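Below: the structure, in structure tokens.
Protein chains in written order, with this note's numbering: chain D, 6 to 277; chain E, 147 to 416.
Structural data, given as structure tokens:
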């Protein structure tokens, strides 16, 4: 990790111009790939629309039965929510982001969609909180490459959340605007406790690994073809985030030959 | 080149990675084994009178834990031959990746005395990971009654062969590797949507995520080399000196593309 080497003299703050320029390039790339994903999501929405009026199938029963698996990969060992007061304005709501009346409507594949949206919102919130803390000088000097990483990864997670929420909207279900997950309080507590860039990087790495594992799981366990492909196209992006974070932390960047599902956040962790 | 990484520490990291790797390989073998069992049962089930089919399908579901098979056992069996083709094509891509890294490591600036230690170690480790992928894909092919793909991908092999004499500097190798990793990742992302079982979807997704990680690191390395900052290719890097763009160059898009995906028949063998 970074702390193993003596930090260099603080230098270089990322300029607004640099950020704007890079954001423009990324938006261009994003526009090249998003139409294909949007098409998949349209089809996904069409295929899922019947779910809100029909009883669950065997597949959805299977997904509902995953409750015992809970969350692994260290995410449950994040401490209590007693310190869950946000260091910034970025703290996600773990309980009020969807109406309780709508909660029961997230079933089967749509529960996985809602889980994915919540997980993406949590990632956005973590990165946003990190930027806020950096602005408050709570993390020490933030190297420009780290600032760029955070800004870019946050934007990509927002894209993912928007994509998943688009499916919920088209299924006439409320979008998930917060992070109603059993892991949220612990993650927020970890963010609040962070005092350095490596602290935040470790938290981000944990979230990215969990997201990658969750999408690997989803690719296998969602029944709709559009949903499968959406998970499949997002999963590599999360693993790429993880590789760069590993590199920055001084850890081997590609430690495994296969991305497992042990760190997956299971549908039962969604509390909305 | 100035390789900041301490050799002992790097060995430690590789050993930690190997421990994790061992666990992951066990999981992959288990998943593949379950997939193969279910596929074989589905094939046997297809040869039975229709009235006997559902109990066999239920057995396959029990082995896999995949309820989707209940809904479409015949579709599962019908997809088995395409599954074999996809696995063979994937093995061919992996074989080519192994050959490419092996060739690159014979070059002094990648595997010799003048090489950056981190780049060299990355090439060695990545070659091993591609070997693992090829073995996994071919093991599944063989158990399903198909012929293991021992050759390299027919479309990209001539491209690599033509490129080898032109590899004069690390940037040349990195560029070639980025292309191969991207083709592999895109192919496996596409395969997730083409194969017939949940376990096979999981296998392709799990490998796609690793190839995209290789690409992410190579993109970062490429950017540093292009920026004459090879000294920053170190573990850990001096984060304070990394150019701002290094923080985002490794993941250029929010969604992984599939436009360069190889069709499942590209590396299929009868």
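For each residue, glycine too, the CB sits at the ideal point set by N, CA and C. Every value quoted in this text rests on a predicted model; they were computed, and no experiment measured them.
Can you give the Cα-Cα distance for residue 386 of chain E and residue 156 of chain D, rounded to whole angstroms? If you take the alpha carbons of residue 386 of chain E and residue 156 of chain D, they lie about 17 Å apart.
Is the beta carbon of residue 362 of chain E closer than 9 Å to that of residue 401 of chain E?
Taking 9 Å as the cut-off, the Cβ atoms of residue 401 of chain E and residue 362 of chain E do not count as close.
Beta carbon proximity, residue 80 of chain D to chain E, threshold 9 Å: Unreliable positioning characterises residue 80 of chain D in this predicted model, as indicated by a pLDDT of 31, which lies under 50. A coordinate reading is not provided.
Neighbour-count burial assignment, residue 174 of chain D, 16 or more Cβ in a 10 Å radius: Residue burial annotation: residue 174 of chain D is exposed, with fewer than 16 other C-beta atoms found within 10 angstroms of its C-beta.
ask   = With a CB to CB cut of under 8 Å and the five nearest residues on each side skipped, what residues in its chain are close to residue 254 of chain E?
value = Excluding sequence neighbours, residue 254 of chain E sits near 260, 261.
_residue 304 of chain E classed as buried or exposed, judged by whether at least 16 other C-beta atoms fall within 10 angstroms_ = Burial call: exposed.
query = According to the Cβ coordinates, are residue 118 of chain D and residue 277 of chain D closer than 9 Å?
reply = No, these two residues do not count as a Cβ contact at 9 Å.
Original post:
How long is the line joining the alpha carbons of residue 221 of chain D and residue 243 of chain D, rounded to whole angstroms?
Top reply: Distance between the alpha carbons of residue 221 of chain D and residue 243 of chain D: 11 Å.
State the DSSP-derived secondary structure class of residue 259 of chain D, mapped to helix, strand or coil.
-> Here residue 259 of chain D sits in coil by DSSP.
message: I need the straight-line Cα distance from residue 378 of chain E to residue 228 of chain D, nearest angstrom please.
response: So the alpha carbons of these two residues sit roughly 45 Å apart.
In whole angstroms, what is the alpha-carbon distance linking residue 135 of chain D and residue 392 of chain E? Taking the straight line from one Cα to the other gives about 19 Å.
### Query
Of all Cβ atoms in chain D, is any one closer than 9 Å to the Cβ of residue 322 of chain E?
Output row for residue 322 of chain E: interface = no.
Quiz item: When DSSP labels each residue in this structure, what does residue 183 of chain D get in the three-state scheme?
Solution: The answer is coil: DSSP assigns residue 183 of chain D none of H, G, I, E or B.
Whole alpha helix (DSSP H) runs in the region 221 to 269 of chain E with 4 or more residues, listed along the chain? The region 221 to 269 of chain E contains these whole alpha helix (DSSP H) runs: 226 to 250, 254 to 257.
Next item on the list: Would you kindly report the start and end of the unbroken alpha helix (DSSP H) that includes residue 417 of chain E?
Entry: Absent from the model: residue 417 of chain E. The displayed extent of chain E is 147 to 416, so no value can be given.
- Query: Does the beta carbon of residue 273 of chain D sit closer than 9 Å to a beta carbon anywhere in chain E?
  - Reply: No, no contact with chain E.
Is the separation between the beta-carbon of residue 296 of chain E and that of residue 241 of chain E shorter than 9 Å? Yes, the pair counts as a contact, with Cβ atoms nearer than the cut-off.
**Q.** Sequence-distant residues of its chain with Cβ nearer than 6 Å to residue 128 of chain D (five each side left out)
**A.** Taken in chain order, the residues that qualify are 162, 212.
Does residue 275 of chain D come out as helix, strand or coil in the three-state DSSP assignment? Secondary structure of residue 275 of chain D (DSSP, three-state): strand.
Closer than 9 Å at the beta carbon, the chain E residues around residue 259 of chain D:
Those within 9 Å of residue 259 of chain D in chain E are 163, 268, 271, 272, 275, 356, 359, 360, 362, 363.
* Straight-line Cα distance separating residue 364 of chain E from residue 278 of chain D -> Chain D is shown only over 6 to 277; residue 278 of chain D falls outside these bounds and no answer can be derived.
- prompt: Within 10 angstroms of its Cβ, does residue 271 of chain D collect 16 or more other Cβ (buried), or is it exposed?
  reply: Buried, by the Cβ-count rule.
**Q.** Where residue 341 of chain E sits in the DSSP three-state scheme
**A.** In the three-state reduction of the DSSP assignment, residue 341 of chain E falls in the coil class.
### Query
Taking any Cβ of chain E, which residues in the region 233 to 248 of chain D have a Cβ under 9 Å from it, in chain order?
Here the close residues are 233, 234, 235, 236, 237, 238, 239, 240, 241, 242, 243, 244, 245, 246, 247, 248.
Starting from residue 222 of chain D and walking both ways along the alpha helix (DSSP H), at which residues does that stretch end?
-> Its alpha helix (DSSP H) spans residues 202 to 226.
Review point. Rounded C-beta distance between residue 248 of chain D and residue 335 of chain E? I'm assuming under 8 Å.
Key: So it is not a contact: roughly 16 Å between Cβ atoms.
Nearest-angstrom Cα separation, counted from residue 388 of chain E out to residue 394 of chain E
Cα-Cα distance, rounded: 11 Å.
> Given a threshold of 16 other Cβ atoms within 10 Å of its Cβ, counted over all protein chains shown, does residue 265 of chain D qualify as buried or as exposed?
Replying inline: Using a 10 angstroms sphere on the CB of residue 265 of chain D, the tally of other CB atoms reaches 16 or more, which defines it as buried.
Just by C-beta distance, which residues in the region 326 to 342 of chain E are closer than 7 Å to chain D? Here the close residues are 331, 335, 338, 339.
Quiz item: DSSP on residue 329 of chain E, reduced to helix/strand/coil?
Solution: Helix, per DSSP.
message = Against chain E, with Cβ distances strictly below 9 Å, would residue 262 of chain D count as a contact?
response = At least one CB of chain E lies nearer than 9 Å to the CB of residue 262 of chain D.
What are the residues in the region 186 to 218 of chain D lying within 7 Å of chain E by C-beta distance?
Result list: 217.
| query | Which residues in the same chain have their Cβ closer than 6 Å to the Cβ of residue 88 of chain D, if we skip the five residues on either side of it in sequence? | reply | A caution first: residue 88 of chain D carries a pLDDT of 32, below 50, which makes its placement in the model too unreliable to give a value.
Open item on the list: According to DSSP, is residue 319 of chain E part of a helix, a strand, or is it coil?
Closed with: Helix.
query = Between the region 121 to 144 of chain D and chain E, which residues of the former have CB atoms less than 9 Å from a CB of the latter, in chain order?
reply = Cβ contacts with chain E come from no residue of the region 121 to 144 of chain D.
*Going by beta carbon distance, what residues of the same chain come within less than 8 Å of residue 273 of chain E, once the five residues before and after it are set aside?*
Answer for residue 273 of chain E: 243, 244, 247, 248, 251, listed in chain order.
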